[in-house]
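Protein chains in written order, with my numbering: chain A, 607 to 859; chain B, 2 to 254.
Here's the structure we're looking at; comments come further down.
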Ligand SMILES: Nc1ncnc2c1ncn2[C@@H]1O[C@H](COP(=O)(O)OP(=O)(O)OP(=O)(O)O)[C@@H](O)[C@H]1O
Ligand SMILES: [Mg+2]
């Protein structure tokens, strides 16, 4: 088994503000891992360190065996930010290929045609539209396609569904499951939603209030590929409760 | 209402020129002080080619000066947006350029760069329009969406790629605003500095010196038309380059 992400004694402080307090973690390649924890505890910071966007203060972060900062240079990590961050002057098609257009010499051989992905997420009619013509959910689908098209082995998503309404969110959960499953990519998914975490993940990591530590590591044994009605299964409720209790204990310990 | 959008400005202008005409006739104003619009048009139509050729030369000075200033402003703006030190070091220089009356040094520049050449005119147009362009470039580039910057950083975009794909398009709205502000300024500079180059400024300053009222007012009219055409062209260019921007969308309310 390949390890996609290795964190060893990872610490991160901004000046005197300690945000990550020593995290040790191995993420197996091809798995979907959610990180859930109280607001402001350092989840985004953790993701940014793994994506090589922020240096660790102590310890190390490895992505497929190489330091996160050099993995970034090799386009090993594709990020999906909370706000889609589409460039308003680019069409949907051009936005979807943005990450491929940048730093082209580092492109991988495993890239996927963005147009094909856009068709899969139901945006065939909007290839030449500009972002302002799309709904929030459609914009977030473009952001998802933009990351997937890169063909990077690690996806880092920071609350990508947080800004969407409840109905769109549940649609997006199904979509993410369909798109990411079977692609062999590893995903780190930061979220505030217990349902989202359980529905999507193989593993849910619960973090403490700042400075972030991992206080629970919950294995989600639901079958793969996930059926569309996975959220109706009794086990789903049990798992959600398990995550909720872990969060609750973390907040009051 | 759609209809009045085109009719109202025409009505306004007709009233303005009619009042002007009536004023000149009623008070029998000397042509040198104020010429009647009917006579100005009559004079312009007597020498259409002369004025057209001179207007082209003036336009050339303004366009070349703008081009030089915008190129410098983009690189200066990118450097200033990247380095606070550079910004603080450059700011007083740009402010000095902006507050020093260019009319005072036109003579010196013309002697330095060749009295009958286009160079001093283009130089002064570029110099005088540089501050507004540079400040606009810095502002626009600084304002580039932070999450888009992070997205580009996540695939190790080079400084050039960030400039081309993000900072420059982000600066377009403020650059166009600066261009509109600078248009009048550039035409004034061209007019005052054009002696010896065959531009409208040359005709105008000569007519003034020789006490030729009709010639002077025909030149003033030609300058006004040139300025109007410049603004219309600038608006069309903006619509073409910035169709994605909220300011360029038609309002259906
Ligand atoms: N670049 C930075 N400089 C200084 N402080 C920072 C920086 N980035 C984050 N912080 C601080 O680190 C702490 C953790 O921030 P982070 O964004 O990682 O939290 P989070 O868990 O993602 O929160 P949320 O769930 O609200 O998104 C916050 O107190 C924040 O103010
Ligand atoms: Mg966050």
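Ideal Cβ placement from N, Cα and C applies to all residues, glycine included.
Can you pull the chain B neighbours of residue i, defined as C-beta to C-beta under 8 Å?
{"i": "residue 701/A", "result": "Going along chain B, no residue has its Cβ under 8 Å from residue 701/A, so there is no contact; the nearest lies around 10 Å."}
{"i": "residue 849/A", "result": "What residue 849/A touches in chain B: nothing, since even the nearest Cβ is about 28 Å away."}
Starting from the C-beta of residue i, find all residues in its chain whose C-beta is less than 7 Å away, skip the five residues before and the five after it, and write them out in chain order.
{"i": "residue 846/A", "result": "800, 801 and 804"}
{"i": "residue 125/B", "result": "103, 107, 110, 190 and 194"}
{"i": "residue 114/B", "result": "120, 121 and 124"}
{"i": "residue 175/B", "result": "137, 140 and 141"}
{"i": "residue 220/B", "result": "201, 204, 205 and 208"}
{"i": "residue 245/B", "result": "none"}
Please go through the same chain and pick out, in chain order, the residues whose beta-carbon is closer than 6 Å to the beta-carbon of residue i, but skip the five residues on each side of it.
{"i": "residue 254/B", "result": "Below a pLDDT of 50, predicted positions are generally treated as unreliable, and residue 254/B, at 39, falls in that range; the measurement from the model is reported next regardless. Nothing listed; no residue qualifies."}
{"i": "residue 684/A", "result": "753, 756, 758 and 761"}
{"i": "residue 712/A", "result": "680 and 681"}
{"i": "residue 183/B", "result": "130 and 133"}
{"i": "residue 105/B", "result": "none"}
{"i": "residue 774/A", "result": "743"}
DSSP has residue i in a bridge; who is on the other side?
{"i": "residue 764/A", "result": "796/A"}
{"i": "residue 811/A", "result": "641/A and 823/A"}
{"i": "residue 719/A", "result": "None, per the DSSP bridge assignment."}
{"i": "residue 633/A", "result": "611/A"}
{"i": "residue 686/A", "result": "763/A"}
{"i": "residue 669/A", "result": "611/A and 672/A"}
{"i": "residue 626/A", "result": "618/A and 818/A"}
{"i": "residue 664/A", "result": "617/A"}
Excluding the 5 residues preceding and the 5 following residue i in the sequence, name in chain order all residues of the same chain whose CB lies nearer than 8 Å to its CB.
{"i": "residue 720/A", "result": "699, 702, 703, 706, 751, 752 and 755"}
{"i": "residue 694/A", "result": "736, 737 and 738"}
{"i": "residue 788/A", "result": "831"}
{"i": "residue 733/A", "result": "697, 698, 699, 721 and 724"}
{"i": "residue 780/A", "result": "834"}
{"i": "residue 655/A", "result": "616, 618, 626, 661, 662, 667 and 674"}
{"i": "residue 691/A", "result": "749"}
{"i": "residue 199/B", "result": "54, 55 and 58"}
Output, in chain order, the set of chain A residues within a Cβ distance shorter than 7 Å of residue i.
{"i": "residue 153/B", "result": "708"}
{"i": "residue 29/B", "result": "Correct list: empty, because the minimum Cβ distance to chain A is about 57 Å."}
{"i": "residue 146/B", "result": "691"}
{"i": "residue 149/B", "result": "691 and 693"}
I'd like to know whether the C-beta atoms of residue i and residue j end up nearer to each other than 8 Å.
{"i": "residue 651/A", "j": "residue 622/A", "result": "no"}
{"i": "residue 619/A", "j": "residue 663/A", "result": "yes"}
{"i": "residue 633/A", "j": "residue 609/A", "result": "yes"}
{"i": "residue 265/B", "j": "residue 128/B", "result": "For chain B, the structure presents residues 2 to 254; residue 265/B sits outside this window and is missing."}
{"i": "residue 615/A", "j": "residue 628/A", "result": "yes"}
{"i": "residue 171/B", "j": "residue 154/B", "result": "no"}
{"i": "residue 173/B", "j": "residue 243/B", "result": "yes"}
{"i": "residue 223/B", "j": "residue 56/B", "result": "yes"}
{"i": "residue 764/A", "j": "residue 668/A", "result": "no"}
{"i": "residue 163/B", "j": "residue 150/B", "result": "yes"}
{"i": "residue 793/A", "j": "residue 786/A", "result": "yes"}
{"i": "residue 21/B", "j": "residue 38/B", "result": "yes"}
{"i": "residue 821/A", "j": "residue 631/A", "result": "no"}
{"i": "residue 746/A", "j": "residue 729/A", "result": "no"}
{"i": "residue 709/A", "j": "residue 158/B", "result": "yes"}
{"i": "residue 843/A", "j": "residue 828/A", "result": "no"}
{"i": "residue 181/B", "j": "residue 237/B", "result": "no"}
Residue i and residue j look like a contact to me (Cβ under 8 Å); what is the Cβ gap, rounded to whole Å?
{"i": "residue 809/A", "j": "residue 826/A", "result": "6 Å"}
{"i": "residue 247/B", "j": "residue 179/B", "result": "That pair is no contact at about 19 Å."}
{"i": "residue 823/A", "j": "residue 806/A", "result": "Residue 823/A to residue 806/A, Cβ: 16 Å. No contact."}
{"i": "residue 33/B", "j": "residue 217/B", "result": "7 Å"}
{"i": "residue 63/B", "j": "residue 187/B", "result": "4 Å"}
{"i": "residue 148/B", "j": "residue 854/A", "result": "Residue 148/B to residue 854/A, Cβ: 31 Å. No contact."}
{"i": "residue 78/B", "j": "residue 135/B", "result": "6 Å"}
{"i": "residue 814/A", "j": "residue 647/A", "result": "7 Å"}
{"i": "residue 818/A", "j": "residue 649/A", "result": "7 Å"}
{"i": "residue 228/B", "j": "residue 36/B", "result": "Not a contact, Cβ separation roughly 18 Å."}
With a threshold of 8 Å between beta carbons, is residue i in contact with chain D?
{"i": "residue 853/A", "result": "Among the protein chains in the structure shown, which are A and B, there is no chain D."}
Listing by chain order, which chain A residues have their CB less than 9 Å from the CB of residue i?
{"i": "residue 170/B", "result": "693, 694, 695 and 696"}
{"i": "residue 157/B", "result": "658, 678, 679, 680, 681, 708, 709 and 712"}
{"i": "residue 162/B", "result": "707, 708 and 709"}
By the criterion of Cβ-Cβ separation under 7 Å, what are the contact partners of residue i in chain B?
{"i": "residue 685/A", "result": "152 and 155"}
{"i": "residue 705/A", "result": "156"}
At 9 Å on the CB atoms, spell out the chain B contacts of residue i, in chain order.
{"i": "residue 736/A", "result": "244 and 245"}
Which chain A residues are close to residue i, counting only those with a beta carbon under 8 Å from its beta carbon?
{"i": "residue 166/B", "result": "693, 704, 707 and 708"}
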